[in-house]
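Colleague:
There are 4 protein chains.
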Amino acid sequence: MSIMSSQPKYQRRKEDRPQEIADAAFAAFAEKGYAATRIDDVAKRAGISKGLTYLYYKTKEDLFKAVVKNVVVRRVDTLIGNVESTNLSSEDFLRGPLLDFMKQVPGSPIAIVIRLLISEGPRHPDLVDYYYENVVARGLGAIRQFVTRGVERGEFHRDALQYQPHLFLAPMMLSMIWRLIFADKPLDTDQLMESQIEMLLAQLKA
Amino acid sequence: MSIMSSQPKYQRRKEDRPQEIADAAFAAFAEKGYAATRIDDVAKRAGISKGLTYLYYKTKEDLFKAVVKNVVVRRVDTLIGNVESTNLSSEDFLRGPLLDFMKQVPGSPIAIVIRLLISEGPRHPDLVDYYYENVVARGLGAIRQFVTRGVERGEFHRDALQYQPHLFLAPMMLSMIWRLIFADKPLDTDQLMESQIEMLLAQLKA
Amino acid sequence: MSIMSSQPKYQRRKEDRPQEIADAAFAAFAEKGYAATRIDDVAKRAGISKGLTYLYYKTKEDLFKAVVKNVVVRRVDTLIGNVESTNLSSEDFLRGPLLDFMKQVPGSPIAIVIRLLISEGPRHPDLVDYYYENVVARGLGAIRQFVTRGVERGEFHRDALQYQPHLFLAPMMLSMIWRLIFADKPLDTDQLMESQIEMLLAQLKA
Amino acid sequence: MSIMSSQPKYQRRKEDRPQEIADAAFAAFAEKGYAATRIDDVAKRAGISKGLTYLYYKTKEDLFKAVVKNVVVRRVDTLIGNVESTNLSSEDFLRGPLLDFMKQVPGSPIAIVIRLLISEGPRHPDLVDYYYENVVARGLGAIRQFVTRGVERGEFHRDALQYQPHLFLAPMMLSMIWRLIFADKPLDTDQLMESQIEMLLAQLKA
DNA sequence: GATGAATGAGGATTCATTCAT
DNA sequence: TATGAATGAATCCTCATTCAT
């Protein structure tokens, strides 16, 4: 009405709306799963209206994909960077940074993403591919490279290379699934991973 | 009117209907997950009408529970019986029957059940408990008992007992999840499990 | 199989099956109303299978109509016969047999029929007509006739005829509805009807 | 394509939607009863989509309760207010305002509510209680109070108090039921109520 | 941009009715 | 006759998506 009314109507308009929505969606998916999450829940969590969600994400499925990629992207690079740039001896690296990393995975958003991929993956092959290339392949590659370096440095014996990198991650995987399913049943997941690392070291060391 | 109308409207009438429905439901859940499966899908697969499903299972949830328990019950007893009644040396048993068993799990219905538990478990705590008691606890118990026997026989050293039984199963778990998510990506899951058994044997043997 | 087997397979086959079914249906309708009653309930109450019901009553609606007519027919004739054949003075008849009859109506199956007619009547005009002709018209006619007789005998004054017979029944009606709706709220329905009769007598008497 | 498509897909947007829906529901329930009314009918009558009904009323039952309370609340207060604030002599009041009120009840929405309570009451005890407290108890209380006042003023004799207030309403009740069931059968319901009032006056007057 | 009322396509569940046995 | 398994049409209710404001 008035000429002077210079306050923009929607001053809270944020640039990071998409991110906020994705975060809210992630929280909702984590809690109830994809199918059981209503767009309304997401909007409420994000503090916006249902309709606005659709301004940024055309469909619920779009939102789902964004969420998965989002979480993945925000986590993986730094992690793998760590592995690649370490100066520690192989043994110290395994017992130190790698173990620490693995220990925190089962309780992290990555576990949620795994759960979502297990549930919804079959309906989203592109998402699975994305995840494989950006997380799994890179992670396994990093471990393989690490073992190779250990061999080159003489810390590991030659046959070390025949061990699949998945073996490093198996207890982490089991711990993750355990927590997803049996949240309340006790299990010393840290010790599980430690034992595995020790076993592997015993096998790999020259 | 038509030359041959050979389709009787009322097909057959059996008491294995419940099992047929459960089987159809298992197949449907395996393919699309619980939430995305329509009762109609199940009925169609079972070759019956939607309504008949409800004669045997009061709700979709009932059907779900029946399916899970069904698969579990039909599998577990024999398997664990095997473990308990073996006469082989510990080493031979690990490399033989146990490894064989583990190798076939990731491709078996048990993997599907795991998928369902991961997706729907949080909404069905009683099912999780059932699964824990009837499968997990018993399986872990069997392994623990097996290790104990190995120690008693002098095949394993005393410290063997400190290894959590989960360690035996970790690669099996990883293989299972791998297949559930990355069905088409290659992974020599058998070798993974073999390596783990060898590593464990190397650690456990007196 | 054996030649001697002279026992008929269904020896309990009764001639009064239709009646039994109607009784069961009446009980079920009384308890849950027409819409909420399942044919299965009726069959169970009658101690027969669902299918057999359809041998005697083509549809649920048929059954409904049979039930209403049934109850009506079985009750009305004797009742009205009473009124018509009395030898008592008008006053004694009102205070005696008529009052007694009215007192027991609100708790009788007639009340249930009224309830059914109120609920389902609009969908069954023929039933309403049937009820009107066989119960209401006859009942009112009997009262009218009774009053006429009273006038002829000099027990009632001439103007007595201007009173509509419905007035005799109004408290009975109210009592019936009261019980149907407020089963548990106290109301001395007997006194209500007594007061009305006394009032009417005071008005009618010469 | 078409020459004129003038129907907007999204009609209007009001806050009187709840009332509109309740009105539509009332009409539908009045016509077909609660059980036989489809939410779709209600929506169609209200000119909205089925889903919108659920935005305002969580379940069909909620809608039902809202409808009943709605009708009741909108009517009762003024009516009972009338009774309480009158300055007329008891006799004039009975013959005037009270009679007028009673005469219009059998054709009013209140009759519909009665029908609904008779049909569905047993399944909705809370509704029955609500109705009892807000309509019946208050109505009867008002009549009782009115009689008391008449006695105090010397218009009625002492024994007047022994007459249950229900007696005033009995012909109204009968008229209501009569219309609900025998809509088309003639009955001078007004005269019925007038006669009752006259009879009562004859009894009550000092 | 933002809202949330409104839509409508399903999906779970019920139940009158049918029919093979 | 008698059974009850089987059918399928109907009905309540949910929720992703749209759009008037």
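Top line first, the protein sequences correspond to chains A, B, C and D. According to the working numbering, the stretch in the first sequence is residues 53 to 258, in order. According to the working numbering, the stretch in the second sequence is residues 53 to 258, in order. According to the working numbering, the stretch in the third sequence is residues 53 to 258, in order. According to the working numbering, the stretch in the fourth sequence is residues 53 to 258, in order. C-beta: ideal position from N, C-alpha, C; glycine also. Everything numeric in this text was worked out from a predicted model, so none of it was measured.
Measure the C-alpha to C-alpha separation of Lys237 (chain C) and Val180 (chain D) and round it to an integer number of angstroms.
Modeller: As a working mapping, residue 237 (chain C) is identified with position 185 in the third sequence. As a working mapping, residue 180 (chain D) is identified with position 128 in the fourth sequence. Rounded to whole angstroms, Lys237 (chain C) to Val180 (chain D) spans 11 Å at the Cα level.
Colleague: Which residues of chain C have a Cβ atom closer than 8 Å to the Cβ of Lys155 (chain D), listed in chain order?
Modeller: Here residue 155 (chain D) corresponds to residue number 103 of the fourth sequence, with the count starting at 1. Near Lys155 (chain D) there are no residues of chain C at all, since even the closest Cβ is about 15 Å away, more than 8 Å.
Colleague: Given a limit of 8 Å on CB to CB distance, which residues of the segment 154-174 of chain D reach chain C?
Modeller: Ile166, Arg167, Leu169, Ile170, Ser171, Glu172, Gly173, Pro174
Colleague: I'd like the span of the alpha helix (DSSP H) that includes Lys66 (chain B), first residue to last.
Modeller: What you label residue 66 (chain B) is simply residue 14 of the second sequence in a count that begins at 1. First-last for Lys66 (chain B): undefined, no H or E at that position.
Colleague: Just the chain B side, please: which residues come within less than 8 Å of Ile229 (chain A) by C-beta, in chain order?
Modeller: As a first step, residue 229 (chain A) must be located in the first sequence, where it is residue number 177. Under the 8 Å cutoff, chain B gives Ile166, Ile170, Met225, Ile229.
Colleague: By Cβ distance, which residues of its chain are closer than 7 Å to Ile249 (chain B), with the 5 residues on each side in sequence left out?
Modeller: Against the second sequence, residue 249 (chain B) aligns to sequence position 197. Same-chain partners within the cutoff: Leu146, Arg147, Leu151.
Colleague: Using a Cβ-Cβ cutoff of less than 6 Å, which residues in the same chain neighbour Met56 (chain D) once the five nearest sequence positions on both sides are dropped?
Modeller: Within the fourth sequence, the letter at position 4 stands for residue 56 (chain D). With a pLDDT of only 40 at Met56 (chain D), under 50, the local geometry of the prediction cannot be trusted, and the value read off the model is given with reservation. Nothing meets the Cβ criterion.
Colleague: With DSSP as the reference, label Lys121 (chain A) as helix, strand or coil.
Modeller: As a position in the first sequence, residue 121 (chain A) is number 69, starting the count at 1. If DSSP states are grouped into helix, strand and coil, Lys121 (chain A) belongs with the helices.
Colleague: Report yes if the CB atom of Glu143 (chain A) is closer than 8 Å to the CB atom of Leu253 (chain A), and no otherwise.
Modeller: Sequence index remark: in the first sequence, residue 143 (chain A) carries index 91 (1-based). Sequence index remark: in the first sequence, residue 253 (chain A) carries index 201 (1-based). Yes, the Cβ-Cβ distance between Glu143 (chain A) and Leu253 (chain A) is below 8 Å.
Colleague: Out of curiosity, what's the CA-to-CA distance linking Thr200 (chain D) and Leu213 (chain D)?
Modeller: Reading the fourth sequence from its first residue, position 148 is the one you call residue 200 (chain D). Reading the fourth sequence from its first residue, position 161 is the one you call residue 213 (chain D). If I take the Cα positions, the gap works out to 7 Å.
Colleague: Excluding the five sequence neighbours on either side, which residues of its own chain have a C-beta within less than 6 Å of the C-beta of Met53 (chain A), listed in chain order?
Modeller: Counted from its first residue, the first sequence places residue 53 (chain A) at position 1. Note that Met53 (chain A) has pLDDT 39, beneath the 50 cutoff, so the model's placement of it is unreliable and the number below is only indicative. Same-chain partners within the cutoff: there are none.
Colleague: Take the Cβ of Leu256 (chain D) as the centre, count every other Cβ of all protein chains shown within 10 Å, and call the residue buried at 16 or more, exposed below.
Modeller: By one-based count along the fourth sequence, residue 256 (chain D) stands at place 204. Label assigned to Leu256 (chain D): buried.
Colleague: How is Lys110 (chain D) classed by DSSP in three states: helix, strand or coil?
Modeller: Within the fourth sequence, the letter at position 58 stands for residue 110 (chain D). Three-state DSSP puts Lys110 (chain D) in coil, outside helix and strand.
Colleague: Just to confirm, is the Cβ distance from Ser171 (chain A) to Ile91 (chain B) under 8 Å?
Modeller: Within the first sequence, residue 171 (chain A) is the residue found at index 119, counting from 1. Within the second sequence, residue 91 (chain B) is the residue found at index 39, counting from 1. In this structure, Ile91 (chain B) does not lie closer than 8 Å to Ser171 (chain A) by Cβ.
Colleague: Pick out whichever of B:Ser227, B:Thr89, B:Lys117, B:Glu72 has its Cα sitting closest to the Cα of Val165 (chain B).
Modeller: For the purposes of this step, residue 165 (chain B) is taken as the residue at position 113 of the second sequence. The candidate whose alpha carbon is nearest that of Val165 (chain B) is B:Lys117.
Colleague: Determine contact between the segment 97-112 of chain D and the segment 200-210 of chain D, defined as no fewer than three beta-carbon pairs at a distance below 8 Å.
Modeller: no
Colleague: Under 8 Å between the Cβ atoms of Ile132 (chain C) and Ala194 (chain C)?
Modeller: Your numbering for residue 132 (chain C) matches position 80 in the third sequence. Your numbering for residue 194 (chain C) matches position 142 in the third sequence. Contact: yes.
Colleague: Is it buried or exposed, Leu226 (chain C), if we count other Cβ atoms within 10 angstroms and call 16 or more buried?
Modeller: For the purposes of this step, residue 226 (chain C) is taken as the residue at position 174 of the third sequence. Looking at its Cβ environment, which holds 16 or more other Cβ atoms inside 10 Å, Leu226 (chain C) is buried.
Colleague: On the premise that Pro158 (chain B) lies in contact with Thr241 (chain B), defined as a C-beta separation below 8 Å, what is that separation, rounded to the nearest angstrom?
Modeller: The residue given as residue 241 (chain B) occupies position 189 in the second sequence. The residue given as residue 158 (chain B) occupies position 106 in the second sequence. Correct: roughly 6 Å between the Cβ atoms.
Colleague: What are the complete alpha helix (DSSP H) segments, minimum 4 residues, inside the segment 198-251 of chain C?
Modeller: 218-233
Colleague: In the DSSP assignment, find the unbroken alpha helix (DSSP H) run with Val165 (chain A) in it and report its ends.
Modeller: Start at 1 with the first residue of the first sequence, and residue 165 (chain A) comes out as number 113. Val165 (chain A) -> alpha helix (DSSP H) spans 161-172.
Colleague: Hey, does Val180 (chain D) have any beta-carbon neighbour from chain C nearer than 8 Å?
Modeller: Taking the fourth sequence and counting its residues from 1, the one referred to as residue 180 (chain D) is at position 128. Interface residue, yes.
Colleague: Excluding the 5 residues flanking Glu72 (chain A) on each side, which residues of the same chain have their C-beta closer than 6 Å to its C-beta?
Modeller: Counting from 1 along the first sequence, the entry for residue 72 (chain A) is found at position 20. If we look at Glu72 (chain A) and ignore the five residues flanking it on each side, its Cβ neighbours are Ala98.
Colleague: Taking all protein chains shown into account, do 16 or more other C-beta atoms lie within 10 angstroms of the C-beta of Arg126 (chain C), making it buried, or fewer, making it exposed?
Modeller: For the purposes of this step, residue 126 (chain C) is taken as residue 74 along the third sequence, with counting starting at 1. Per the 10 Å Cβ criterion, exposed.
Colleague: With a threshold of 8 Å between beta carbons, is Phe198 (chain D) in contact with chain C?
Modeller: Locating residue 198 (chain D) in the fourth sequence gives position 146, counting from the first residue. No - not a single Cβ of chain C is within 8 Å of the one on Phe198 (chain D).
Colleague: Would you please verify whether the beta carbon of Lys112 (chain C) is less than 8 Å from any beta carbon of chain D?
Modeller: For this step, residue 112 (chain C) is matched to residue 60 along the third sequence. Taking Cβ atoms only, chain D never reaches closer than 8 Å to Lys112 (chain C), which makes this a no.
Colleague: Decide if Gly103 (chain B) is buried, meaning its Cβ has at least 16 other Cβ atoms within 10 Å, or exposed.
Modeller: To locate residue 103 (chain B), count along the second sequence from 1; it is residue 51. The residue in question, Gly103 (chain B), is exposed, as its Cβ has fewer than 16 Cβ neighbours within 10 Å.
Colleague: Listing by chain order, which chain A residues have their CB less than 7 Å from the CB of Ser101 (chain B)?
Modeller: As a position in the second sequence, residue 101 (chain B) is number 49, starting the count at 1. Against chain A, the beta carbon of Ser101 (chain B) has no neighbour under 7 Å; the closest one sits roughly 25 Å away.
Colleague: Buried or exposed, going by whether 16 or more other CB atoms sit within 10 Å of the CB of Asn139 (chain D)?
Modeller: In the fourth sequence, counting from the first residue as 1, residue 139 (chain D) sits at position 87. When all chains shown are included, Asn139 (chain D) counts as exposed.
Colleague: Please go through the same chain and pick out, in chain order, the residues whose beta-carbon is closer than 8 Å to the beta-carbon of Val284 (chain A), but skip the five residues on each side of it.
Modeller: In this structure chain A extends from 53 to 258, so residue 284 (chain A) is not present and cannot be described.
Colleague: So if I threshold CB-CB distances at 9 Å, which residues from the segment 202-227 of chain C count as touching chain D?
Modeller: Gln214, Tyr215, Gln216, His218, Leu219, Leu221, Ala222, Pro223, Met224, Met225, Leu226, Ser227
Colleague: Can you find a CB in chain C that lies within less than 8 Å of the CB of Ile233 (chain D)?
Modeller: On the fourth sequence, position 181 is the one that residue 233 (chain D) refers to. Between Ile233 (chain D) and chain C, the shortest Cβ-Cβ separation is below 8 Å.
Colleague: For Trp230 (chain B), which of A:Glu113, A:Thr105, A:Tyr183, A:Asp129 has the nearest alpha-carbon?
Modeller: As a working mapping, residue 230 (chain B) is identified with position 178 in the second sequence. Residue A:Tyr183 is the option with its Cα nearest to Trp230 (chain B).
Colleague: Determine the chain B residues that contact Ala254 (chain A) at a beta-carbon separation under 9 Å, and present them in chain order.
Modeller: Taking the first residue of the first sequence as position 1, residue 254 (chain A) is located at position 202. Near Ala254 (chain A) (Cβ distances below 9 Å), the residues of chain B are Met251, Ala254, Gln255.
Colleague: Taking just the CA atoms, how far does Gln197 (chain C) sit from Arg167 (chain D)?
Modeller: Position 115 of the fourth sequence, counted from the start, is the residue given in the question as residue 167 (chain D). Position 145 of the third sequence, counted from the start, is the residue given in the question as residue 197 (chain C). Rounded to the nearest angstrom, the two C-alpha atoms are 32 Å apart.
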